[in-house]
Amino acid sequence: MSDRKLITAALPYANGPVHIGHLAGVYVPADVYARFQRRLGNDVAFICGSDEHGIPITIRAKKEGVTPQDIVDKYHEIIKKSFNDLGISFDEYSRTTSSKHYEVSQDFFKTLYEKGKFTEEISEQYFDEQANEFLADRYITGTCPNCGNEGAYGDQCEKCGSTLSPSELINPKSMLSGNIPVLKETKNWYLPLNEYEDFLDEWIIKGHQDDWKPNVYGQVKSWLNDGLKPRAMTRDLNWGVPVPLPDADGKVLYVWFDAPIGYISFTQEWAKKNGKNWKDYWQNENTDLIHFIGKDNIVFHCIIFPAMMKAHGDYIMPENVPAFEFLNLENDKISTSRNWAVWAHEYVEEFPGQQDVLRYALLSSAPETKDNNFTWKDFQTKNNSELVGIFGNFINRVAVLIHKYYDGIIPEGNVDASELAEISKAAKDIHTYLDRFEFRNALSALMNLARFGNQYLQTEEPWKTIKDAPEKAAHSLFISAQIAAGLAQLCEPFMPFSSHKLQKMLNISQMKWQDLETDRILIKTGHRINEASLLFSKIEDEQIATQIQKLENTKLNNNKTNPNANPMKEEVTFDEFTKIDLRTATILEAEKVEKADKLLKLKVDTGVDVRTVVSGIAESFTPEEIIGKQVMILLNLAPRKIRGIESQGMLLLTTKPDGKLSFVTPEEPVENGIEIG
Numbered sequence: 000m001s002d003r004k005l006i007t008a009a010l011p012y013a014n015g016p017v018h019i020g021h022l023a024g025v026y027v028p029a030d031v032y033a034r035f036q037r038r039l040g041n042d043v044a045f046i047c048g049s050d051e052h053g054i055p056i057t058i059r060a061k062k063e064g065v066t067p068q069d070i071v072d073k074y075h076e077i078i079k080k081s082f083n084d085l086g087i088s089f090d091e092y093s094r095t096t097s098s099k100h101y102e103v104s105q106d107f108f109k110t111l112y113e114k115g116k117f118t119e120e121i122s123e124q125y126f127d128e129q130a131n132e133f134l135a136d137r138y139i140t141g142t143c144p145n146c147g148n149e150g151a152y153g154d155q156c157e158k159c160g161s162t163l164s165p166s167e168l169i170n171p172k173s174m175l176s177g178n179i180p181v182l183k184e185t186k187n188w189y190l191p192l193n194e195y196e197d198f199l200d201e202w203i204i205k206g207h208q209d210d211w212k213p214n215v216y217g218q219v220k221s222w223l224n225d226g227l228k229p230r231a232m233t234r235d236l237n238w239g240v241p242v243p244l245p246d247a248d249g250k251v252l253y254v255w256f257d258a259p260i261g262y263i264s265f266t267q268e269w270a271k272k273n274g275k276n277w278k279d280y281w282q283n284e285n286t287d288l289i290h291f292i293g294k295d296n297i298v299f300h301c302i303i304f305p306a307m308m309k310a311h312g313d314y315i316m317p318e319n320v321p322a323f324e325f326l327n328l329e330n331d332k333i334s335t336s337r338n339w340a341v342w343a344h345e346y347v348e349e350f351p352g353q354q355d356v357l358r359y360a361l362l363s364s365a366p367e368t369k370d371n372n373f374t375w376k377d378f379q380t381k382n383n384s385e386l387v388g389i390f391g392n393f394i395n396r397v398a399v400l401i402h403k404y405y406d407g408i409i410p411e412g413n414v415d416a417s418e419l420a421e422i423s424k425a426a427k428d429i430h431t432y433l434d435r436f437e438f439r440n441a442l443s444a445l446m447n448l449a450r451f452g453n454q455y456l457q458t459e460e461p462w463k464t465i466k467d468a469p470e471k472a473a474h475s476l477f478i479s480a481q482i483a484a485g486l487a488q489l490c491e492p493f494m495p496f497s498s499h500k501l502q503k504m505l506n507i508s509q510m511k512w513q514d515l516e517t518d519r520i521l522i523k524t525g526h527r528i529n530e531a532s533l534l535f536s537k538i539e540d541e542q543i544a545t546q547i548q549k550l551e552n553t554k555l556n557n558n559k560t561n562p563n564a565n566p567m568k569e570e571v572t573f574d575e576f577t578k579i580d581l582r583t584a585t586i587l588e589a590e591k592v593e594k595a596d597k598l599l600k601l602k603v604d605t606g607v608d609v610r611t612v613v614s615g616i617a618e619s620f621t622p623e624e625i626i627g628k629q630v631m632i633l634l635n636l637a638p639r640k641i642r643g644i645e646s647q648g649m650l651l652l653t654t655k656p657d658g659k660l661s662f663v664t665p666e667e668p669v670e671n672g673i674e675i676g
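Residues in the sequence shown are numbered consecutively from 0, following numbering that gives the first Met the number 0.
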């Protein structure tokens with residue numbers, strides 16, 4: 000293992016905000032690892048940025064009626080702020096629309112081209128003649144040949160989950176114009192991945208069978224067993240990094256070609272700002288390259304990107320790719336399109352000052368080797384029972400007792416006490432677990448120290464021994480202070496905000512990790528600590544109920560056939576409904592109400608009688624156009640005065656998409672007074 004660490008985190012797509020699935024599966028574990036490596040004194044570059052090319056961006060832009068640049072500008076800032084708010088300590092967070100990225104990715108492509116690493120292939124692709132564009136798979140819809148879903152995409156049917164190609168769709172149509180696309184020849188540049196099978200087999204299958212996670216190793220092995228095929232590294236699109244060749248107008252680099260090169264271009268940006276040589280991190284064998292990703296990105300980071308770097312010839316291979324599985328939400332798959340998610344930027348607003356609670360909850364449920372589940376009730380329990388009840392409770396008791404009995408001065412104790420070994424044991428255990436990318440076990444080791452502290456304090460009972468055995472009381476609080484200081488130091492990679500707050504409370508500075516692995520004194524006798532303050536606060540049932548209701552509302556919205564429809568009103572019983580008297584009626588007369596722009600005074604024949612109704616419909620209808628109109632009226636609505644006119648009933652209307660009102664009327668003329676229901 001090298002003392003130079005290049006740590007990358009998968010580039011989030013800038014077509015929407017970051018949610019807890021992203022955080023749990025990539026960014027929080029990556030941040031813990033980067034912070035830990037810095038504490039070891041290693042040379043760390045923690046690199047990430049927004050992925051701003053690809054079809055999801057253009058689809059979102061067309062849907063919102065804006066440009067792709069508008070979309071990425073908006074979400075890049077939201078994502079970047081979310082990471083910052085949650086303490087994700089990137090050394091560089093950039094974006095793939097930067098000029099530096101265009102330069103580096105185009106240069107990478109040209110190097111491979113000049114070395115003859117690509118093959119040029121002519122293929123037939125769907126083309127929209129009206130839009131004058133080749134269609135990406137996601138811009139083609141049709142009927143799924145497997146399940147009959149009429150809204151299947153050219154790459155996948157989201158109803159049955161089948162992977163498709165555009166040519167398999169029945170009755171394909173272009174999403175751009177709605178027309179039937181035609182097949183047209185086009186040339187693209189392919190990377191023959193099959194030529195790198197032996198290299199990948201030697202490097203991963205033989206070289207990393209003992210140290211890579213089984214889910215990563217197994218997926219790579221499966222791909223290689225099935226045999227690799229050439230993959231196009233260019234696309235016929237108008238959004239992306241232009242292919243830097245003279246005969247490549249209207250073509251861009253495949254998003255999965257340019258996106259991982261972002262790690263390189265972003266490192267170059269960071270190195271220039273900080274007086275570093277970027278090649279030390281990418282082209283020096285004395286560097287450990289670690290990719291943090293989700294399981295859906297394994298093929299790109301363990302097969303395609305390594306093949307690209309091998310073809311280039313100047314780059315090191317990753318030391319490890321600790322890919323995570325998926326996090327579900329309340330036993331359902333997180334989905335951006337269905338809004339089934341807990342969004343990072345909303346969490347920060349709704350739980351101010353509780354960033355570490357989310358970090359802790361996500362780490363304790365991290366989907367390291369299999370999919371896991373996040374629930375709001377479990378989140379509340381982890382906070383109230385563990386962070387407040389165990390960690391925070393111990394810290395508060397220690398600080399309060401030292402202020403009560405010793406005026407905030409650390410008392411004298413036995414520096415050779417065996418209890419100090421618990422701190423070094425926790426530090427060593429965390430070190431071992433993080434070296435193996437076992438974040439849940441590392442977090443447990445931290446909490447075990449807090450549990451030990453509570454048990455120790457409860458056993459020693461310094462609030463009792465202070466009178467009869469003051470030396471014993473002093474020693475027990477001296478040891479407790481050491482444990483508190485150990486927790487302040489050891490929790491920093493996991494809960495940086497709480498660590499900073501606790502170090503400030505104890506009036507101490509951050510130490511190197513190696514110093515914590517020795518049985519040394521962390522806070523000396525005679526040292527003054529500051530006043531106690533609560534590290535964590537209880538999360539009430541009402542807060543959790545609000546979040547659960549928010550998800551319930553999402554379910555209701557997802558079930559709507561009309562997304563603009565208002566929610567259903569409170570239920571009524573059948574007996575209540577039978578009291579409503581709805582009748583057919585005809586408008587006999589209509590006139591405007593003085594000094595009321597929205598009101599019309601109507602004379603209506605209800606079949607039962609002729610009565611006056613005042614209705615707020617003047618902005619949608621003129622009096623002349625509604626005379627003789629057959630309508631429906633709520634007959635037994637209690638009369639009320641409107642602008643001095645007694646209104647005896649209510650007409651039934653609905654609102655059209657343009658905001659204008661429309662009468663609810665019988666399909667064919669009927670007699671007035673016919674009951675409805």
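All C-beta atoms, glycine included, are put in the ideal place defined by N, C-alpha and C.
(request) Drop a sphere of 10 angstroms on the beta-carbon of Cys301, count the other beta-carbons inside from all chains shown, and report buried for 16 or more, exposed for fewer. (result) buried
(message) Measuring alpha carbon to alpha carbon, tell me which residue in Leu182, Pro144, Leu175 and Thr66 is nearest Glu167.
(response) Pro144
(request) Check Ala33 in the structure and name its three-state DSSP category. (result) helix
(request) Report the option in Lys602, His75 and Ile616 whose CA atom is closest to the CA atom of Arg610. (result) Lys602
(request) Decide yes or no for the touch test of the region 9-29 against the region 318-330: beta carbon pairs closer than 8 Å, at least 3 of them. (result) yes
(message) Tell me the rounded alpha-carbon separation between Tyr155 and Arg137.
(response) Reading off the sequence, residue 155 comes out as Gln, not Tyr. Those two C-alpha atoms are separated by around 8 Å.
(message) Suppose you measure from the CA of Asn371 to the CA of Ser364; what does that come to, to the nearest Å?
(response) 6 Å
(request) Starting from the C-beta of Gln546, find all residues in its chain whose C-beta is less than 8 Å away, skip the five residues before and the five after it, and write them out in chain order. (result) Val341, Glu349 and Trp375
(request) Provide the residue span of the alpha helix (DSSP H) that contains Thr458, from first to last. (result) Phe438 to Glu459
(request) Tell me whether Pro321 is buried or exposed, calling it buried when 16 or more other Cβ atoms sit within 10 Å of its Cβ. (result) buried
(request) Mind reading off the beta-carbon distance from Ser88 to Ala33? Whole number of angstroms is fine, and I expect it under 8 Å. (result) 6 Å
(message) Check whether the region 501-521 and the region 446-461 touch, using three or more Cβ-Cβ pairs below 8 Å as the test.
(response) no
(message) Going by DSSP, what residue range makes up the alpha helix (DSSP H) through Pro171?
(response) It is not in any alpha helix (DSSP H) - Pro171 instead sits in the beta strand (DSSP E) that spans Ile169 to Ser173.
(message) Rounded to the nearest angstrom, what separates Leu386 and Ala487 at their Cα positions?
(response) 13 Å
(message) Assess contact between the region 183-200 and the region 221-238, defined as three or more Cβ pairs (one per stretch) separated by less than 8 Å. Is contact present?
(response) yes
(request) Evaluate contact between the region 171-181 and the region 195-202, counting only Cβ atoms and requiring at least three cross-stretch pairs below 8 Å. (result) no
(message) Rounded to the nearest angstrom, what separates Asp596 and Ala617 at their Cα positions?
(response) Approximately 7 Å, taken between the alpha carbons.
(message) Taking a contact to mean a Cβ-Cβ separation below 8 Å, would you say Pro55 touches Tyr12 in this structure?
(response) yes
(request) Assign Phe256 to one of three DSSP states: helix, strand, or coil. (result) Note: Phe256 maps to helix in three-state DSSP.
(request) Put Ser646 into one of helix, strand or coil per three-state DSSP. (result) In this structure, Ser646 counts as strand in the three-state DSSP scheme.
(request) State the start and end residues of the unbroken beta strand (DSSP E) segment that holds Asp604. (result) Leu599 to Asp604
(message) According to DSSP, simplified to helix, strand and coil, what is Ser364?
(response) coil
(message) Along the chain, where does the beta strand (DSSP E) containing Asp127 start, and where does it finish?
(response) Thr118 to Asp127
(request) Just the C-alpha distance for Asp467 and Lys403, rounded to the nearest angstrom, thanks. (result) 17 Å
(request) For Met0, count neighbouring C-beta atoms within 10 Å of its own C-beta (all shown protein chains included) and say buried if the count is 16 or more, exposed if not. (result) exposed
(request) Evaluate Ser98 with the Cβ neighbour count: other Cβ atoms within 10 Å of its Cβ, from every protein chain shown; 16 or more gives buried, anything less gives exposed. (result) With fewer than 16 Cβ atoms within 10 Å of its Cβ, Ser98 is classed as exposed.
(message) Which of the three DSSP states is assigned to His703 in this structure?
(response) A question about residue 703 goes unanswered here, because the residues of the chain that appear run from 0 up to 676.
(request) Measure the alpha-carbon distance for Asn276 versus Val43 and round it to whole angstroms. (result) Approximately 13 Å, taken between the alpha carbons.
(request) Could you tell me the distance, in whole angstroms, from the CA atom of Gly412 to the CA atom of Leu39? (result) Cα to Cα, Gly412 sits roughly 29 Å from Leu39.
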